[in-house]
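*Asks:*
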Amino acid sequence: MSVHRLRKGLALVVLGGALVAVGCGSDDSGSGGSSAQGGGAGVEKALAQAEKATTRPTSIGLTAGIGKDVPAGKKVAFISCGVEACEIQGDIIKQGAADLGWTAEAIGTDGSPEQLQNAFETALRQGADAVILNAVNRDAVAKQIEKAEQQGVAFVTCCSIEAEGNGILRNVGGKENSARIGENLAAQIVADSGGEANTLFVNISAFQILQALAGQLESSYKQFCADCEYATLDIPATSLGKDAPDRIVSYLRSHPQVNYVVLSVSNALGAGLPAALKAAGLADKVKLVGQSGDTLTFQDMAAGNIDSVVPFDYYAVDYLMLDALARHFAGVPVEQAQPPMWIVTPDNMPAEATEGLFPVVESYRDEFKQIWGK
Amino acid sequence: MTPLTSVPEAATEPPTARAEAAPATPGPSRAARLAHGLAFDRVGAVYVWLGIIVLFSLWVPETFPNLATAKQILNANAITALAALAVTIPLSARVFDLSFAGVITLTGVVVAHLIAKDGVPLVPAIALGVLVGLGIGLINAVVVVVMRIDSFIATLATGSLIAALVTMVTKEVPITDAKLGAAFANIGQTNVDGVTLGVLYCAVVAVAIWYLLEHTATGRRLYATGFNPDAARLAGVRVDRLRFLSLVASGGLAGATGIVLASMLGSGSPTAGTPYLLPAFAAAFLGATQLKHGRFNAGGTIIAVLLLGTGVTGLALANAPQWAGDMFVGVVLIAALALTGVQRRSTRAG
Numbered sequence: 023m024s025v026h027r028l029r030k031g032l033a034l035v036v037l038g039g040a041l042v043a044v045g046c047g048s049d050d051s052g053s054g055g056s057s058a059q060g061g062g063a064g065v066e067k068a069l070a071q072a073e074k075a076t077t078r079p080t081s082i083g084l085t086a087g088i089g090k091d092v093p094a095g096k097k098v099a100f101i102s103c104g105v106e107a108c109e110i111q112g113d114i115i116k117q118g119a120a121d122l123g124w125t126a127e128a129i130g131t132d133g134s135p136e137q138l139q140n141a142f143e144t145a146l147r148q149g150a151d152a153v154i155l156n157a158v159n160r161d162a163v164a165k166q167i168e169k170a171e172q173q174g175v176a177f178v179t180c181c182s183i184e185a186e187g188n189g190i191l192r193n194v195g196g197k198e199n200s201a202r203i204g205e206n207l208a209a210q211i212v213a214d215s216g217g218e219a220n221t222l223f224v225n226i227s228a229f230q231i232l233q234a235l236a237g238q239l240e241s242s243y244k245q246f247c248a249d250c251e252y253a254t255l256d257i258p259a260t261s262l263g264k265d266a267p268d269r270i271v272s273y274l275r276s277h278p279q280v281n282y283v284v285l286s287v288s289n290a291l292g293a294g295l296p297a298a299l300k301a302a303g304l305a306d307k308v309k310l311v312g313q314s315g316d317t318l319t320f321q322d323m324a325a326g327n328i329d330s331v332v333p334f335d336y337y338a339v340d341y342l343m344l345d346a347l348a349r350h351f352a353g354v355p356v357e358q359a360q361p362p363m364w365i366v367t368p369d370n371m372p373a374e375a376t377e378g379l380f381p382v383v384e385s386y387r388d389e390f391k392q393i394w395g396k
Numbered sequence: 387m388t389p390l391t392s393v394p395e396a397a398t399e400p401p402t403a404r405a406e407a408a409p410a411t412p413g414p415s416r417a418a419r420l421a422h423g424l425a426f427d428r429v430g431a432v433y434v435w436l437g438i439i440v441l442f443s444l445w446v447p448e449t450f451p452n453l454a455t456a457k458q459i460l461n462a463n464a465i466t467a468l469a470a471l472a473v474t475i476p477l478s479a480r481v482f483d484l485s486f487a488g489v490i491t492l493t494g495v496v497v498a499h500l501i502a503k504d505g506v507p508l509v510p511a512i513a514l515g516v517l518v519g520l521g522i523g524l525i526n527a528v529v530v531v532v533m534r535i536d537s538f539i540a541t542l543a544t545g546s547l548i549a550a551l552v553t554m555v556t557k558e559v560p561i562t563d564a565k566l567g568a569a570f571a572n573i574g575q576t577n578v579d580g581v582t583l584g585v586l587y588c589a590v591v592a593v594a595i596w597y598l599l600e601h602t603a604t605g606r607r608l609y610a611t612g613f614n615p616d617a618a619r620l621a622g623v624r625v626d627r628l629r630f631l632s633l634v635a636s637g638g639l640a641g642a643t644g645i646v647l648a649s650m651l652g653s654g655s656p657t658a659g660t661p662y663l664l665p666a667f668a669a670a671f672l673g674a675t676q677l678k679h680g681r682f683n684a685g686g687t688i689i690a691v692l693l694l695g696t697g698v699t700g701l702a703l704a705n706a707p708q709w710a711g712d713m714f715v716g717v718v719l720i721a722a723l724a725l726t727g728v729q730r731r732s733t734r735a736g
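Sequence lines, in order, name chains A and B. Quick note: the first sequence uses the working numbering, first residue 23, plus one each step. Quick note: the second sequence uses the working numbering, first residue 387, plus one each step.
(1) Within its chain, find whatever has a CB closer than 7 Å to the CB of residue 571/B; leave out the 5 residues flanking it on each side and keep chain order.
(2) Shortest alpha-carbon distance to residue 449/B belongs to which of 392/A, 325/A, 278/A?
(3) Give me whichever residues DSSP pairs with residue 222/A in a beta bridge.
(4) Between which two residues does the alpha helix (DSSP H) carrying residue 739/B extend?
(5) Could you check whether the Cβ of residue 328/A sits closer than 8 Å to any Cβ belonging to chain B?
(6) With DSSP as the reference, label residue 572/B as helix, strand or coil.
(7) Assuming residue 274/A contacts residue 304/A under a Cβ cut-off of 8 Å, what Cβ separation, rounded to an integer in Å, is found between them?
(8) Taking a contact to mean a Cβ-Cβ separation below 8 Å, would you say residue 137/A touches residue 166/A in this structure?
(9) Could you give the DSSP three-state label for residue 215/A: helix, strand or coil?
(10) DSSP state of residue 155/A, grouped into three classes?
(11) Would you mind working out which of 124/A, 317/A, 64/A, 217/A sits nearest residue 401/A, comparing C-alpha positions?
(12) Against residue 567/B, what residues of chain A qualify as contacts under a CB-to-CB distance less than 7 Å, listed in chain order?
(13) Run through DSSP, which three-state label would residue 557/B get?
(14) Where do the N-terminal and C-terminal ends of the alpha helix (DSSP H) with residue 140/A fall, by residue?
(15) When you compare only the Cα positions, how much space is there between residue 134/A and residue 255/A?
(16) Residue 331/A versus chain B: which residues are under 8 Å apart at the beta carbon?
(17) Which class does residue 330/A belong to by DSSP, given the choice of helix, strand or coil?
(18) Whole alpha helix (DSSP H) runs in the region 450-489 of chain B with 4 or more residues, listed along the chain?
(19) Does residue 302/A come within less than 8 Å of chain B when only Cβ atoms are used?
(20) In angstroms, rounded to a whole number, what distance separates the CA positions of residue 567/B and residue 437/B?
(21) Along the region 266-279 of chain A, where does the CB come closer than 7 Å to a CB of chain B? Name the residues.
(22) Quick check: is any heavy atom of the ligand NAD less than 7 Å from the C-beta of residue 439/B?
(23) Nearest CA to the CA of residue 185/A: which residue from 66/A, 196/A, 362/A?
(24) Around the Cβ of residue 350/A, are there at least 16 other Cβ atoms within 10 angstroms (buried) or fewer (exposed)?
(25) Residues in the same chain with beta-carbon distance under 8 Å from residue 313/A, minus the five sequence neighbours each way, listed in chain order, please.
(26) Applying a beta-carbon distance threshold of less than 9 Å, which residues of chain B neighbour residue 116/A?
(27) At what residue ranges does the region 633-680 of chain B contain a whole run of the alpha helix (DSSP H), taking only runs of 4 or more?
(28) What did DSSP end up calling residue 614/B once you bin it into helix, strand or coil?
(29) Quick one: list the residues of chain B neighbouring residue 258/A, beta-carbon separation under 9 Å, in chain order.
(30) Check residue 127/A in the structure and name its three-state DSSP category.
(31) Using only the alpha-carbon positions, how far apart do residue 654/B and residue 494/B sit?
(32) Is residue 554/B close to chain A? Criterion is C-beta to C-beta, closer than 8 Å.
(33) On the criterion of 16 or more Cβ atoms from any shown chain inside 10 Å, does residue 188/A qualify as buried, or is it exposed?
(34) Find the residues of chain B that neighbour residue 316/A, judging by a C-beta separation of less than 8 Å, and give them in chain order.
(35) Applying the 10 Å Cβ sphere with the 16-neighbour rule, what's the burial state of residue 562/B?
(36) CA-CA distance, residue 45/A and residue 704/B?
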């Protein structure tokens with residue numbers, strides 16, 4: 023019996039110890055206001071910036087023509103990474119390649135390093151002139167990038183934290199773009215709240231590109247509104263599509279003063295969230311803002327569940343990657359243009375947003391064709 | 387037909403149960419029955435659950451001990467519970483259905499596609515979705531029962547086929563459309579005083595499975611099949627038929643779960659069901675240690691889901707770090723199983 027008691031006690035100690043460890047690691051990374059611009063001036067600045075950011079851009083912001091003939095007949099290999107964004111991009115890249123007089127092939131993967139490496143090798147074996155792979159992790163395909171460089175195959179990426187050079191010709195929408203989104207979201211929140219915001223940033227720590235967004239969001243937020251409260255909630259990638267809404271609801275219930283929730287990836291974190299907030303009686307107490315929404319996000323916005331979103335402009339990002347390749351093959355320097363920035367709200371949301379992907383700049387295709395001399 | 391009730395009982399029930407059935411022996415007193423019913427080795431998880439409730443009530447007294455938390459736990463775990471109940475039926479007959487998570491995904495995207503892209507009215511779309519689930523269950527049953535392939539491997543294989551179908555339907559892109567925001571959304575998003583309909587569906591399914599397993603001959607035959615298929619077969623139980631039907635039922639229930647989940651998400655997500663694979667099996671296996679001494683049962687499964695869900699929600703309310711939930715689930719599973727096992731050995735020894 024004593025052995026049984028010992029085992030039972032041990033089991034209880036393990037359980038208790040785990041809970042104590044969890045308690046010791048409590049993660050309330052909130053931060054109050056610190057030294058920065060006082061309420062009035064900061065809010066005024068935020069208002070001005072938010073007004074600019076909520077105005078739909080009418081130009082892609084890239085005006086420098088290539089000035090030389092872009093060689094025709096290039097073969098582009100697009101390595102799909104197994105998530106929604108990559109699948110969507112395949113068709114846009116094919117369209118853009120056709121505009122340049124090129125062809126593009128998509129190579130499907132499940133996003134695992136092994137399959138990405140294999141797809142990269144396949145692209146090189148098939149004689150691609152250029153390879154596109156989103157959100158590349160250099161370590162995962164280092165050998166293939168090196169091999170591509172040796173073979174004269176251009177490689178471009180988007181939305182990656184990797185630096186350009188050493189085989190990466192261009193990284194469109196990298197850390198700088200994420201930081202820009204963070205700054206504008208901060209302005210939007212402070213402006214909308216009139217300096218009375220108490221904000222929760224919901225982060226997905228597995229997505230490293232979000233670090234730049236998070237850092238700039240918090241920094242700008244404090245600049246605009248020193249007295250506004252700010253905190254971060256990390257959501258594990260394994261919670262996406264499962265208990266992420268419940269985690270957010272729990273945080274909001276334990277922090278009832280929060281009145282703005284920033285979703286670092288609106289489509290990933292927002293699925294099921296409006297319904298969970300409604301069931302918990304929190305829907306009217308917080309405003310949801312975020313970036314990178316999909317059709318469902320904008321349907322939620324149309325239904326009054328989401329307040330503002332910076333959409334990911336697939337069209338501009340893909341065409342900018344192709345623009346880098348076009349300049350490379352034409353022998354001119356690659357431009358460092360960023361995708362256009364727009365905060366979509368219920369007031370300025372285009373009707374097509376609830377039906378499918380839409381370009382931020384409606385005339386993007388004509389502009390790129392003009393730049394490319396096509 | 388009569389042998390069905392006697393042989394499995396003799397094969398599966400502990401000696402005390404047989405003693406209770408003997409007419410000459412007076413039955414145990416009410417207090418004894420109550421003590422037996424509340425014994426730690428029968429409902430150990432309930433005591434752990436109560437302990438967790440007390441702990442979090444002391445830890446976060448402002449937010450945890452109230453009705454809103456109870457509703458939140460119920461709402462957040464309805465799909466996990468439905469998924470766990472779906473696997474409880476085949477597990478009772480000692481058959482694994484590892485494809486259920488894929489079925490959840492598949493029926494969600496199929497119904498979303500039918501409504502959003504094909505313009506199929508709601509009711510026929512739902513009916514077709516359930517039929518898809520039943521169809522996958524039928525395929526599983528044929529592969530496992532007719533082709534005699536081990537259920538663990540067979541349902542892994544069909545899971546891979548389902549993944550291919552999901553990609554075929556969605557091209558890995560979630561199906562979203564304004565049409566999914568109307569009546570379809572009401573299936574899962576409607577709430578009655580803060581409790582979503584998913585909880586109601588879960589309660590209905592749990593009661594139905596409880597009745598099936600505890601109060602019908604079919605339930606006893608299922609258990610007999612699960613505990614000792616050879617003995618059950620010799621006793622006249624149609625083991626293959628029960629296993630066949632359990633897989634079909636699992637497919638149908640997983641299919642219905644997928645439709646509810648798609649409604650809650652407001653879209654047909656190509657990855658919706660995947661996260662429920664391990665939690666559902668964890669709940670089913672933990673539930674099997676409760677109430678029925680090693681039998682998979684609906685009540686135990688619900689207790690397990692609530693135990694795990696309460697801890698995860700409590701930790702979130704206490705602002706625990708993001709790894710805390712997974713750690714809690716792992717530790718509680720080990721602790722609950724260890725405590726129950728130790729207590730059971732103590733009972734047998736003493």
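Where is the CB? At the ideal position from N, CA and C, for every residue including glycine. Nothing here was measured: the structure is a model prediction, and the numbers come from that model.
*Replies:* With the structure as the only source:
(1) 649, 652
(2) 278/A
(3) 253/A, 283/A
(4) With chain B represented from 387 up to 736, any question about residue 739/B goes unanswered, as that position is not in the structure.
(5) no
(6) helix
(7) 5 Å
(8) no
(9) helix
(10) strand
(11) This structure does not reach residue 401/A, given that chain A is present from 23 up to 396, and the question cannot be answered.
(12) 321, 325
(13) coil
(14) 135-147
(15) 27 Å
(16) The premise fails here: residue 331/A is roughly 14 Å from chain B at the closest Cβ pair, so nothing lies under 8 Å.
(17) strand
(18) 453-478
(19) yes
(20) 40 Å
(21) 268, 269, 271, 272, 273, 275, 276
(22) In terms of ligand content, the structure shown is empty, and the ligand NAD therefore cannot be addressed.
(23) 196/A
(24) buried
(25) 203, 207, 235, 285, 286, 287, 288, 331, 332, 333, 334
(26) Simply none; closest approach about 14 Å.
(27) 663-674
(28) coil
(29) 708, 709, 711, 712
(30) strand
(31) 5 Å
(32) no
(33) exposed
(34) 560, 562
(35) buried
(36) Here residue 45/A scores only 48 on pLDDT, less than 50, and its place in the model should not be relied on; the value that follows carries that caveat. The alpha-carbon atoms of residue 45/A and residue 704/B are separated by roughly 8 Å.
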